[in-house]
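A.B. asks:
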Amino acid sequence: MTRLDLHLHTTFSDGSLPPADVVRLAQNAHVSALAITDHDTVDGIPEALTAGLERGIEIVPGIEISSRWRGIEVHILGYFIDWTDAALLARLVRYRDSRHTRNPLIVEKLNELGIAITYEEVRALAGPASVGRPHIARVLMNKKYVTSAKEAFDRYLAEGAAAYVPRDLPDPAEAIGVIRAAGGVPVLAHPSWLDRSEGIVPLCKELKIAGLAGIEVHYSTHRPEQTSHYLNLAKQLDLLVTGGSDFHGVTKPDIEVGVGRGRLKVPEKLLEPLRQAAAGSCAGT
Ligand code: AMP
Ligand code: ZN
Ligand code: FE
Ligand code: FE
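Residues in the sequence shown are numbered consecutively from 926, following my numbering.
Take a look at the structure:
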């Protein structure tokens, strides 16, 4: 066992594999501890815990909540959350509901562009999952309108693309507060997604005041110089360091559990500080 993977999606949100399969792949990749971080849902955690027990892999209960800051999307990961917390569960229902307001509008726009898919097809593919744009991408792939999820996002689904519709999102301070209230440790996900914006330092400073505890320094797509850059930022701002693959299965086929694009290696030593931060946040409430 040589590494962590603290950012993984399953069929309970927009990943294409169930938690038990993700845990099996993690074992093959020599992952000692992993976090399931589905979008706006904790429903995959029990299955992951069972699979983790069977395979001797620690499962960190996690979540990923989307938010908006000055017009840009900011994702907040939460670790060691109490995934049975009633207030958390109620809030997540609201966040998932906003997906069902937005996604049919995306389908309508696609229809206007001459693409014959229905929201029922998207829902049928997603099942009980927290439905997201990757599900729409998969319907477009299945019906041969595109050959990859990347093409679906580039042409239709990404911010600014032809069928994009923004979702009603909380601000990051709310997402951080929801995670903290459930005893979790809030961490800024994939900071490299934000670099085109006004700068990540003001964002991190503001979010730290709101309770942000860490930053996802190690990430599948980060080049070595990006990893060092975010490592320095974490030091400068006194934030914990985390990392993960953001594995999704078929919609991100180049990313594998544990190793990302092959070079990801999230050090095991990062887990204890995260656990201690969670213990500290419980003691403080
Ligand atoms: P949603 O939660 O419905 O707003 O969808 C956002 C999710 O789409 C992100 O969390 C990613 O998992 C996925 N995503 C965003 N851009 C791409 C892309 N270019 N290719 C594949 N998946 C993407
Ligand atoms: Zn996703
Ligand atoms: Fe994300
Ligand atoms: Fe993610």
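Here a beta-carbon is modelled for each residue, glycine too, at the ideal position from N, C-alpha and C. Just so we're clear, the structure is a prediction, and the values are computed from it rather than from any experiment.
Go through the residues and name those whose CB comes closer than 6 Å to any heavy atom of ligand 3, in chain order.
C.D. replies: For ligand 3, the selected residues are 989, 1000, 1114 and 1115.
A.B. asks: With 16 as the cutoff for other CB atoms within 10 Å, does residue 1038 come out buried or exposed?
C.D. replies: For the purposes of this step, residue 1038 is taken as residue 113 along the sequence shown, with counting starting at 1. Residue 1038 is exposed by the Cβ-count criterion.
A.B. asks: Please name the residue or residues paired with residue 1163 in a DSSP beta bridge.
C.D. replies: Taking the first residue of the sequence shown as 1, we reach residue 1163 at position 238. Paired residue(s): none; residue 1163 is not in a bridge.
A.B. asks: Any heavy atom of ligand 1 closer than 6 Å to the CB of residue 1194?
C.D. replies: Taking the sequence shown and counting its residues from 1, the one referred to as residue 1194 is at position 269. Checking the Cβ of residue 1194 against ligand 1 gives no.
A.B. asks: Per the DSSP calculation, residue 1003 is bridged to which residue(s)?
C.D. replies: Counting from 1 along the sequence shown, the entry for residue 1003 is found at position 78. DSSP lists 988 and 1111 as partners of residue 1003.
A.B. asks: In chain order, what residues of the same chain lie with their CB nearer than 6 Å to the CB of residue 1002, ignoring the 5 residues before and after it?
C.D. replies: Here the question's residue 1002 lines up with position 77 in the sequence shown. Contacts found: 962, 989, 1112 and 1114.
A.B. asks: Tell me the start and end of each unbroken beta strand (DSSP E) in the region 943-968 that is at least 3 residues and wholly inside, in chain order.
C.D. replies: Those beta strand (DSSP E) runs which fall completely within the region 943-968 and span 3+ residues are 956-961.
A.B. asks: From this set, 1157, 1172 and 1151, which residue's C-alpha is nearest residue 1120's C-alpha?
C.D. replies: By one-based count along the sequence shown, residue 1120 stands at place 195. Residue 1151 is the option with its Cα nearest to residue 1120.
A.B. asks: Compute the Euclidean distance between the alpha carbons of residue 1203 and residue 1195, then round it to the nearest angstrom.
C.D. replies: Sequence index remark: in the sequence shown, residue 1203 carries index 278 (1-based). Sequence index remark: in the sequence shown, residue 1195 carries index 270 (1-based). Approximately 13 Å between the Cα atoms of the pair.
A.B. asks: For ligand 4, I want to know if residue 930 counts as a neighbour, meaning its beta carbon is within less than 6 Å of at least one of the ligand's heavy atoms.
C.D. replies: Looking up residue 930 in the sequence shown gives position 5. No, ligand 4 has no heavy atom inside 6 Å of this Cβ.
A.B. asks: Once DSSP output is grouped into helix, strand and coil, what is the label at residue 1084?
C.D. replies: Your numbering for residue 1084 matches position 159 in the sequence shown. If DSSP states are grouped into helix, strand and coil, residue 1084 belongs with coil.
A.B. asks: Kindly provide the ranges of any beta strand (DSSP E) runs that are 3 or more residues long and lie completely inside the region 1112-1158, ordered along the chain.
C.D. replies: Listed in chain order, the complete beta strand (DSSP E) runs (minimum 3 residues) inside the region 1112-1158 are 1139-1144.
A.B. asks: Cα-Cα, which of 1033, 1017, 1094 and 1023 is closest to residue 1103?
C.D. replies: Your numbering for residue 1103 matches position 178 in the sequence shown. Nearest of 1033, 1017, 1094 and 1023 to residue 1103, Cα basis: 1017.
A.B. asks: Quick check on the DSSP output: the alpha helix (DSSP H) that includes residue 1027 runs from which residue to which?
C.D. replies: Position 102 of the sequence shown, counted from the first residue, corresponds to residue 1027. It spans 1011-1037 - the alpha helix (DSSP H) in which residue 1027 sits, taken as one unbroken run.
A.B. asks: For ligand 2, any of its heavy atoms closer than 6 Å to the Cβ of residue 965?
C.D. replies: Here the question's residue 965 lines up with position 40 in the sequence shown. No, ligand 2 has no heavy atom inside 6 Å of this Cβ.
A.B. asks: If the criterion is Cβ atoms closer than 7 Å, does the pair residue 1182 and residue 954 meet it?
C.D. replies: Taking the first residue of the sequence shown as position 1, residue 1182 is located at position 257. Taking the first residue of the sequence shown as position 1, residue 954 is located at position 29. In this structure, residue 954 lies closer than 7 Å to residue 1182 by Cβ.
A.B. asks: Which partner residues of residue 1191 appear in the DSSP bridge assignment?
C.D. replies: Residue mapping note: residue 1191 aligns to position 266 of the sequence shown, counting from 1. Note: residue 1191 sits in a beta bridge opposite 929.
A.B. asks: What's the C-alpha gap between residue 1010 and residue 952?
C.D. replies: Position 85 of the sequence shown, counting from 1, holds the residue named residue 1010. Position 27 of the sequence shown, counting from 1, holds the residue named residue 952. Cα to Cα, residue 1010 sits roughly 29 Å from residue 952.
A.B. asks: Skipping 5 residues on each side, what residues in its chain have a beta carbon closer than 7 Å to that of residue 1155?
C.D. replies: Position 230 of the sequence shown holds residue 1155. Around residue 1155: 1116, 1140 and 1142.
A.B. asks: Using three-state DSSP, classify residue 1205 as helix, strand or coil.
C.D. replies: Within the sequence shown, residue 1205 is the residue found at index 280, counting from 1. Residue 1205: helix per DSSP, three-state reduction.
A.B. asks: DSSP state of residue 1092, grouped into three classes?
C.D. replies: Residue mapping note: residue 1092 aligns to position 167 of the sequence shown, counting from 1. Coil, per DSSP.
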